[in-house]
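> Can you keep this structure in mind? I'll have questions shortly.
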Amino acid sequence: MRDMTVYAVFFYIIAALIIASAGLAITRKHMVHAVLYLVVSFIATALLFYLLGAPLVGIFQVILYAGAIMVLFLFIVMMIRMAPGADRPFPAAHYLAAFGVCGVYIAAALLVAFFSGPEAGRPMAAAAASPAAFGFYLFDQHWLAVEMVSILLLVALIGALHLGRAGRRKQSGNKEP
Amino acid sequence: MIVPYTHVMLLGAIVFLMGMICTLTRRNLIMIIVGLEIMLNAAAIVFVGAGLQFQQIEGQVMALFIVAVAAAEVSVGLAMVVCIYRQRHSIDPQCIENSPRVPDPKAASEPLTLNT
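Same order as they appear, the protein sequences are chains S and R. Position 131 of the first sequence, counting from 1, maps to 521 under my numbering, and the rest follow consecutively. Position 2 of the second sequence, counting from 1, maps to 3 under my numbering, and the rest follow consecutively.
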C-alpha cells in the first residue's frame, strides 16, 4: 500500500467495478437489468485482462462475451416475456445449504491466502503477451485443442438447432420446407 | 509492478462465490445460466492472473478456451430454456416436475385427450 503504482490503482478500481456490477446482476428481479449489469461486469473483466497482460483475450472477451453471448441472452429474455407473478418463497433450508457451501469455500480460500508463502505477497511484474506471440503459441502448441473447440461449437450449433425444432416437429410433420 | 498474486486470486474467489450464490438461490432458469457465466468468468480471471504470476502464456490460452466453452454452453442452455418454455409456459425449474405439458395452441391439430 505504501508504494502503490498507477497499475495497482487501476486494478483496485476495476476489481470494485467487477464485484459491484456482478453483485447488482445477481440480485436484480428483472432479467433485462440483470443481463445489462452482466455486460458491465464482462467489459470490466476485459479491462482487467488488458491490465494483466492479455490484450487479445480482453478483445475476445468484449467481442464474444459482452457482445455475442449477452445479445443472445437479451434476445431470449425479450422472447420469453415471463409474467411478473409472485415469487414462491424460498425454503430456509435451501438458503442454509447455499450459504453453507459458500462458507466452506470462503474458509478454504482464506486458508490458502494466509498460508501461502511470503513470495505470494510481492507485487507481480507487469508483462504483456503480444497478439502475434499469443497466436503463434496457440496454433503451435494447442492446435488439437483448437480443432476440438471448433467441433464442440459445431455440435453445440446442431444441438441448439435440434432443440429449437423439437417442439414443432412433433405436431406439424414434414411440412416444413 | 501491479498487485500481489493473492489479490487477483481473492477477486476471482469473490466473483466465483457470487455466481455460485446466484446459481443456488435463484428460481429462474435464465438467472441460473447467468450464475454459471459469472463462475466461468471468475475462472478466466484466475487463469490470466496465474499466467502473469508464473510468466506463462498458457493461462491466456485457457482463458480463450473458457470463452469458447461458455459460448457453446450458453447456446445449448438457452435453446433448452426456450424448449422448456414452449412446452410448460414457465421457466421456473420446478415446473418440469409438477406441471403438466401445455400443448402448443397454434399447432394443436389433434383434440386434447386426458391420459390419466
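Beta carbons: idealized from backbone N, C-alpha and C, even for Gly. Please read all numbers here as calculations on a predicted model, not as lab measurements.
Please list, in chain order, the residues of the segment 440-466 of chain S that have any C-beta partner in chain R closer than 8 Å.
So the list reads L441, L442, G443, A444, L446, V447, F450, Q451, L454, Y455, A458, I459, L462, F463, I466, given in the order they occur along the chain.
> E566 (chain S) to I548 (chain S), Cα distance in whole Å?
Low per-residue confidence applies at E566 (chain S): pLDDT is 46, beneath 50, and the placement is therefore not dependable enough to give any value.
> Taking V47 (chain R) as the query, report the chain S residues whose CB atoms sit under 8 Å from its CB, ordered along the chain.
Residues of chain S passing the Cβ test: none, with the nearest at roughly 11 Å.
> Taking the C-alpha atoms as reference points, what is the distance between Q54 (chain R) and L11 (chain R)?
For Q54 (chain R) and L11 (chain R), the distance between alpha carbons rounds to 14 Å.
> Looking at C-alpha atoms only, which residue of R:L37, R:Q61, R:I58 is the closest neighbour of A73 (chain R)?
The shortest Cα separation from A73 (chain R) among R:L37, R:Q61, R:I58 belongs to R:L37.
> Mapping the DSSP letters down to three states, classify P481 (chain S) as helix, strand or coil.
Looking at P481 (chain S) - three-state DSSP - the assignment turns out to be coil, as it is neither helix nor strand.
> Per DSSP, P1 (chain R) is paired with what?
Limits of chain R in this structure are 2 at one end and 117 at the other, which puts residue 1 (chain R) out of reach.
> For G13 (chain R), count the other beta carbons within 10 Å of its own beta carbon; 16 or more makes it buried, fewer makes it exposed. Which is it?
Buried, since its Cβ has 16 or more Cβ neighbours within 10 Å.
> With burial defined as no fewer than 16 other Cβ atoms inside 10 Å of the residue's Cβ, what is the status of M24 (chain R): buried or exposed?
According to the sequence provided, residue 24 (chain R) is Thr. The question's Met does not apply to it. By the 10 Å Cβ count, T24 (chain R) comes out buried.
> Could you check how far apart the C-beta atoms of L18 (chain R) and C492 (chain S) are, in whole angstroms? I think they sit under 8 Å.
Contact holds; Cβ gap of about 6 Å.
> Find the residues of chain S that neighbour C1 (chain R), judging by a C-beta separation of less than 8 Å, and give them in chain order.
This structure does not reach residue 1 (chain R), given that chain R is present from 2 up to 117, and the question cannot be answered.
> My output table needs one value for T395 (chain S): the three-state DSSP class, helix, strand or coil.
Three-state result, T395 (chain S): coil.
> Could you give the distance in angstroms between the alpha-carbon of I466 (chain S) and the alpha-carbon of V75 (chain R)?
Distance between the alpha carbons of I466 (chain S) and V75 (chain R): 11 Å.
> Between the C-alpha atoms of I22 (chain R) and T435 (chain S), what's the straight-line distance to the nearest angstrom?
The straight-line gap from Cα to Cα measures roughly 19 Å.
> Restricting to Cα atoms, I'd like to know which of R:G20, R:I3, R:P5, R:N29 is closest to H90 (chain R).
Taking only the C-alpha atoms, the option nearest H90 (chain R) is R:N29.
> Using CA coordinates, which residue listed in S:A515, S:F480, S:A497, S:A458 is at the minimum distance from A398 (chain S)?
The option with the nearest alpha carbon to A398 (chain S) is S:A515.
> Going along the chain, which residues of its own chain have a beta-carbon closer than 8 Å to the beta-carbon of V422 (chain S), five neighbours each way excluded?
Within the same chain, V422 (chain S) has close Cβ partners L464, V467, M468.
> Please return the same chain residues whose Cβ sits closer than 7 Å to the Cβ of I433 (chain S), not counting the five positions on each side in sequence.
Same-chain partners within the cutoff: V452, A456.
> Tell me, please, whether the CB atom of A44 (chain R) is closer than 8 Å to any CB atom in chain S?
Taking Cβ atoms only, chain S never reaches closer than 8 Å to A44 (chain R), which makes this a no.
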